[in-house]
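Novice: Please read through the structure below; I'll follow up with questions.
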Amino acid sequence: MAGAFSEVFTFTVVTSSVANSSVTAVVNGSQDVDFSSIVLSGPAGSFAFNLLLPDPVEVWALPAAGATLTAGFYSLTLTGTNSTAQGSYGGNIAVTPTSPVPEPETYALMLAGLGALSFVARRRRLA
C-alpha cells in the first residue's frame with residue numbers, strides 16, 4: 008500500500024550477544040521504499056540505524072561496532088514511505104553470543120582430565 012508505513016519485527020535474545028544488522032531497499036522503476044528511521048529496541052536500550060547509502064540503493068546499518076544486547080525481548084521498527092508501485096526491502100540481523108557456549112565435547116574432555124588427575128593422585132598416595 009502506498010504512503011507512510013511502520014513495521015515491527017520481534018525476536019528474543021537468550022544470552023548476552025552482539026548484533027550486526029543492515030536493511031536495503033532498491034529503487035526499481037517506479038517502485039521505491041524510503042525509510043525515515045530504523046530502530047532496534049529492547050532491554051539493552053535503543054539503537055538507531057545509520058543511513059550509509061541514499062537512493063537508488065538505500066542501505067541502513069547499525070554502527071560498525073554493532074549493538075551489545077542483553078537477554079530479553081527485542082523489536083526492530085522500520086518507519087518510512089512506500090511508492091504507489093509498492094516497493095520492497097530486505098535485511099538481516101546477525102546475533103552472536105559474547106561468551107561462547109562450550110560444546111559437550113569440551114565438558115567430556117575436562118572430566119576425562121580430572122579423572123586422570125584423580126587416578127595419578129590416588130596412585131601416589133597409595134605408593
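The opening position of the sequence shown corresponds to residue 8 in my numbering, with each subsequent residue numbered one higher. Just so it is clear, CB atoms sit at the ideal spot from N, CA and C, and this is done for glycine as well.
1) Taking the beta strand (DSSP E) that P109 falls in, what are its first and last residues?
2) CB P109 to CB S23, shorter than 9 Å?
3) Where in the stretch 68 to 92 do unbroken runs of the beta strand (DSSP E), each at least 3 residues long, occur, reported from the N-terminal end onward?
4) Looking at the structure shown, is G122 part of a helix, part of a strand, or coil, going by DSSP?
5) Using three-state DSSP, classify A128 as helix, strand or coil.
6) Out of Q38, F18, N57, point me to the one whose CA is closest to G10's CA.
7) Please report the Cβ distance between G87 and F12, rounded to the nearest whole angstrom; I am assuming they are in contact, meaning their Cβ atoms lie under 8 Å.
8) Around the C-beta of F54, are 16 or more other C-beta atoms found within 10 angstroms, so that it is buried, or is it exposed?
Specialist: So, from the listed chains and residues:
1) First-last for P109: undefined, no H or E at that position.
2) no
3) 74 to 76, 79 to 89
4) helix
5) helix
6) Q38
7) 6 Å
8) buried
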